[in-house]
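To start, the structure itself, in structure tokens.
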Amino acid sequence: MANSLEFAIKYIPVLDDIYKNLSVTQNMDAGKKVDFTGTNEIKVLKTSTTGLGDYSRTNGYPKGDITANWETLKLTEERGKELSIDRMDNEEMANVFGMITGQFMRDWVVPEVDAFRFAKYAGADGISKAAGAVLTKDTIISAIDEAVRQMNADEVPVAGRVLYINSDLQPVLNNAFARSWGSQGAVSTLLNNYNGIPIKYVPPTRFYSEIMLNDGSEDWGYKKSANGKNINFMLIYPEAILQVVKLSLPKVFTPDENQDKDMWKFQFRIYHDAFVYENKAKGIYLHTIG
8 MANSLEFAIK
18 YIPVLDDIYK
28 NLSVTQNMDA
38 GKKVDFTGTN
48 EIKVLKTSTT
58 GLGDYSRTNG
68 YPKGDITANW
78 ETLKLTEERG
88 KELSIDRMDN
98 EEMANVFGMI
108 TGQFMRDWVV
118 PEVDAFRFAK
128 YAGADGISKA
138 AGAVLTKDTI
148 ISAIDEAVRQ
158 MNADEVPVAG
168 RVLYINSDLQ
178 PVLNNAFARS
188 WGSQGAVSTL
198 LNNYNGIPIK
208 YVPPTRFYSE
218 IMLNDGSEDW
228 GYKKSANGKN
238 INFMLIYPEA
248 ILQVVKLSLP
258 KVFTPDENQD
268 KDMWKFQFRI
278 YHDAFVYENK
288 AKGIYLHTIG
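For the sequence shown, the numbering used here begins at 8 and goes up steadily by one.
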């Protein structure tokens, strides 16, 4: 009879792969070690200097200042869920428990994490914003070009930018360019790079400017808030944001280990947050509908 360790060895790496394969924001997870000063706090060093002045051959260099201080960021999102299935139900349905836990990660965890992050960035102070009607093949390129122009004007580094586009706009973007086809055996119209900027397409259900998180009393996990807007695209310089996952833990209990009921039990908990650095907010450009 399988125990929880055997199940973990077989299924938990798959659950982790599901997040990595299907999340559109995973590529911006913190690439360096994040030090926690408390149970829910991390420290970020903020620095600034002053500009040039006139050099004097008599008095020498004009005096400047260096400002350095630690900013405390607190994690706010602690989410979880417990799923159970009766031992006999699982057996009679060809050991469906492993498949269901994978489906839970794919259908609920990954979309919520992505949606939370985009909404957090969209609501940050100091970012660049634009709004308008639904983009068409005649307007989408000029809208993206304006985002690039604004970031250039704000002197945001070019290398590393990522363009996140609502997947509903994928055919619109494809139709914005005139193309000719030869006699290739296979044709792809997918545009995955624009002037050197990688493109990632985001499902529209994860692309809102503001969301609500369910407290667990209802079946839905998150949804667009009353004041939320549909996002057309976001241009993001990853150095402007910080995505932190302190804990992402799936636990499995067999019916023999479950002391409450004769059921397989799956528990998942994620403790995370996302932040926009105040002095790098111009590294985010948001374009919404309305």
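Note that the Cβ used here is the ideal one computed from N, Cα and C, for glycine as well.
What you are looking at is a predicted structure, and each value in this text was computed from that prediction instead of being measured.
- prompt: Within this structure, are the beta carbons of Ile151 and Phe240 separated by less than 8 Å?
  reply: yes
- request: Determine the DSSP secondary structure at Trp77, reduced to helix, strand or coil.
  value: strand
field: Phe123 versus Pro210: straight-line alpha-carbon distance, rounded
entry: If I take the Cα positions, the gap works out to 13 Å.
- request: Count the other C-beta atoms from every protein chain shown that fall within 10 angstroms of the C-beta of Leu242, then say buried if there are 16 or more, exposed otherwise.
  value: With 16 or more other CB atoms across the displayed protein chains lying within 10 angstroms of its CB, Leu242 is buried.
task: Name the residue from Gly139, Ile277, Val169 whose alpha carbon lies nearest to the alpha carbon of Ala247.
output: Val169
message: Within 10 Å of its beta-carbon, does Asp121 have 16 or more other beta-carbons around it, so buried, or fewer, so exposed?
response: Residue environment analysis places Asp121 among the buried positions, since at least 16 neighbouring C-beta atoms fall within 10 angstroms of its C-beta.
query: Between Thr146 and chain D, is there a C-beta pair that is closer than 8 Å?
result: You won't find chain D in this structure, because it holds only one protein chain.
query: Going by the CB atoms, is the gap between Pro262 and Arg362 shorter than 8 Å?
result: For the chain, the structure presents residues 8 to 297; residue 362 sits outside this window and is missing.
message: How far does the beta strand (DSSP E) with Thr108 in it extend, from its first residue to its last?
response: Element bounds for Thr108: not the beta strand (DSSP E) but the alpha helix (DSSP H), 104-111.
query: Rounded to a whole number of angstroms, what is the C-alpha to C-alpha distance between Leu82 and Ala131?
result: Roughly 15 Å between the two C-alpha positions.
message: What residue range does the alpha helix (DSSP H) around Pro118 cover?
response: 117-129
query: Would you call the region 262-275 and the region 164-183 in contact, with 3 or more CB pairs under 8 Å?
result: Because the criterion of three Cβ pairs below 8 Å is not met, the region 262-275 and the region 164-183 do not touch.
- prompt: What number of angstroms, rounded off, separates the C-alpha of Leu59 from the C-alpha of Gly133?
  reply: 25 Å
field: Ser224 classed as buried or exposed, judged by whether at least 16 other C-beta atoms fall within 10 angstroms
entry: exposed
query: Is the beta carbon of Ile73 less than 8 Å from the beta carbon of Ile92?
result: Contact annotation: Ile73 and Ile92 have beta-carbon atoms that are not nearer than 8 Å.
CA nearest to the CA of Glu119, picked from Arg156, Gly87, Ile296, Ala183: Gly87
query: To which residues of the same chain is Val21 closer than 7 Å at the C-beta, ignoring the five residues directly before and after it?
result: Gly109
message: Considering only the alpha carbon of each residue, which of Thr32, Ala233, Tyr68 lies closest to Phe125?
response: Thr32
query: Short check: CB of Thr6 to CB of Lys236, under 8 Å?
result: This structure does not reach residue 6, given that the chain is present from 8 up to 297, and the question cannot be answered.
- prompt: Going straight from the alpha carbon of Tyr201 to that of Ala75, what length do you get?
  reply: 37 Å
query: For Asp175, which residues of its own chain have a beta-carbon under 7 Å away from its beta-carbon, when the five flanking residues on both sides are left out?
result: Cβ neighbours of Asp175 within its own chain (closer than 7 Å, five residues either side excluded): Pro211.
- request: Measuring alpha carbon to alpha carbon, tell me which of Phe214, Lys127, Leu249 ends up nearest Thr79.
  value: Considering only alpha carbons, the answer is Leu249.
Other residues of its chain near Ile291: CB distance less than 6 Å, five sequence neighbours each side excluded: Correct list, in chain order: Tyr128, Ile134, Ile243, Ala247.
field: Three-state secondary structure (DSSP) of Pro178
entry: helix
message: So, with DSSP's three-state summary, where would you put Ser149?
response: Under the three-state reduction of DSSP output, Ser149 falls in the helix class.
Reduced DSSP category for Tyr278 - H, G, I as helix; E, B as strand; rest coil: strand
Distance between Phe43 and Pro69 (C-alpha atoms, nearest Å): 39 Å
Chain-order list of residues whose beta-carbon lies under 6 Å from that of Phe282 (same chain, five-residue window excluded): Leu80, Leu249
Span of the alpha helix (DSSP H) around Glu84: That residue, Glu84, is in no alpha helix (DSSP H); its beta strand (DSSP E) goes 84-93.
First through last residue of the beta strand (DSSP E) which encompasses Val252: 248-260
Phe184 - containing beta strand (DSSP E), residue span: Element bounds for Phe184: n/a, residue is neither H nor E.
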